[in-house]
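As structure tokens, the structure follows; a few thoughts come after it.
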Amino acid sequence: MASMSQSQLGPSRNDGQNWVTSLWSCCSPVGLCCMTCWLPCITYGKTDHRLRNNGNLEGYSCCNSACMIFCLASYCSVACIPAFMQRSNLREKYSLQGNCCKDFMASWCCTCCVLMQSDKEAELREAQAQQHYLRTQQYQPNNVGMVYQPQPQPQAAGVTGIAPVPMPMTEPAPVHSGPYSEK
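Be aware that the sequence shown starts at 0, since it is given in numbering that gives the first Met the number 0, and climbs by one per residue.
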């Protein structure tokens, strides 16, 4: 019986990070488990949105284009393919252990478990990335204290460098009588 070499299985990431969540820890949390079992397209779409927007769910809609793609794939009985592609993207983005063959086999055998693992993994990894960003971008005090920066003064349109000249107050001009004026 011939054995497959590592190059036939695809690039392996044995030196990558471990997955934080197990493939078989799919019953927790129960809400995600129920949502993924009954409407897997919503979990797939949420994870896709999270991966594309660095964890930001602002602008997320449960009926997005990724959800529609998953629905179409499910209708054609190939839902494991988008799940496999999403798992591979997740593994590459976060340098997780595994290879394409393992991703496909997991997606083919238990698509719902893969979707739940991908969603939980993306949520945790993006939260860690956000925390790291906030720690590195914290307020750095300076030794000078608070400094007032003078604001530029607005200038009249088309006129530069000329200061306004105050006008003296004068008496109103007398009204002259003429041939058309009333007396």
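Quick reminder that beta carbons are idealized off the backbone N, C-alpha and C, glycines included. These figures come from a predicted structure and were not determined experimentally.
Just grab the DSSP bridge partners of residue i for me.
i   : result
L95 : Q16
Here's a check: name, in chain order, each residue in its chain whose Cβ is nearer than 7 Å to the Cβ of residue i, leaving out the five neighbours to either side.
i   : result
R49 : L56, A121, E122 and E125
Q85 : Y43, T46, D47 and S117
G15 : S94, L95 and Q96
C36 : C111
M34 : I41 and T42
To which residues of the same chain is residue i closer than 6 Å at the C-beta, ignoring the five residues directly before and after it?
i    : result
T20  : Q116, K119 and E120
R90  : G97
V113 : A82, R86, A105 and S106
Alpha carbon to alpha carbon, what distance is there between residue j and residue i?
i    : j    : result
V29  : C66  : 21 Å
S87  : C100 : 10 Å
C40  : G97  : 24 Å
Y132 : C111 : 31 Å
C32  : S94  : 25 Å
C109 : T135 : 39 Å
A78  : Q129 : 31 Å
A105 : N17  : 16 Å
C75  : Q127 : 36 Å
G58  : S64  : 13 Å
R51  : L38  : 21 Å
By the DSSP assignment, the alpha helix (DSSP H) with residue i in it spans what residues?
i    : result
Y132 : T110 to T135
A65  : S64 to Y74
W37  : V29 to W37
Apart from the five residues just before and just after residue i, which ones in its own chain have a Cβ nearer than 8 Å to its Cβ?
i    : result
C26  : C32
C183 : A question about residue 183 goes unanswered here, because the residues of the chain that appear run from 0 up to 182.
Comparing the C-beta of residue i with each C-beta of chain C, is any distance below 7 Å?
i   : result
L22 : Any reference to chain C falls outside this structure, which holds one protein chain only.
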